[in-house]
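As numbered in the numbering used here, residues 446 to 582 make up the sequence shown, in order.
To keep things clear, I will list the structure first and then write my remarks on it.
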Amino acid sequence: MRGFSANIREKPRWWEKVNDSTIVSRWRQEMVEIDKGRSKSSGRGEGLDYIFDELRYAAKQRDKKTGIESTAIPMVYQSTSLIPADIKAGLLIGVSVLEDVPMEEKDWHPGTKPAGTRFSTPVVVLSLHRQNAPPYP
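Below you can see the structure in the form of structure tokens.
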């Protein structure tokens, strides 16, 4: 079920679309079709109701100003708009140096085929700690 929820959250403006019954009906049908091929069913009936109830709740909790929203993983939040465009552009330029390496000099992970790198999508992970948590060593 978490996978279905994550798939919906990847859709543009999902937080608005989840309140449109026509779109939700189409998404439910897509989930049922995907679920038919699985040995254990997770996307029918009450399971789908739960997913969409949870998504509607998450949409209401989403911060419009920062874009911070919950993910399909409990207690994990994300935002695609916290990093200003100029900083993001600078990160992409800086990371391009890592990508611009001749093929013969690239050091691939053992057992993988040279399939390219994915440095051009910078991700910033924020971590919140309680004030009474011990300091990080």
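Virtual Cβ for every residue (Gly too), placed ideally from N, Cα, C.
Since the structure is predicted, the reported quantities are computational estimates derived from the model, not experimental observations.
Beta-carbon separation (whole angstroms), residue i vs residue j, contact threshold 8 Å
i, j, result
"L493", "R471", "Wrong, their Cβ atoms sit about 12 Å apart, outside the cutoff."
"V463", "A504", "5 Å"
"I513", "Y522", "5 Å"
Counterpart residues of residue i in DSSP-defined beta bridges
i, result
"Q474", "In the DSSP output, where bridge partners are listed per residue, Q474 has none listed."
"E514", "Q523"
Endpoints, alpha helix (DSSP H) assigned at residue i
i, result
"V542", "A530 to E544"
"E549", "Element bounds for E549: n/a, residue is neither H nor E."
"N452", "R447 to R454"
"D494", "E491 to Q506"
"K462", "W459 to K462"
Own chain residues within Cβ distance below 6 Å of residue i, not counting five before or after
i, result
"S526", "G512"
"S524", "T511, G512 and I513"
Beta-carbon proximity list for residue i, same chain, < 8 Å, skipping 5 on both sides
i, result
"I453", "W459, V463, W472, I496 and L500"
"P519", "none"
"A534", "none"
Residues of its chain near residue i, where Cβ-Cβ distance is below 7 Å and the 5 sequence neighbours each way are ignored
i, result
"Q506", "S515"
Contact the stretch 541 to 550 vs the stretch 495 to 513: 3+ CB pairs below 8 Å: no
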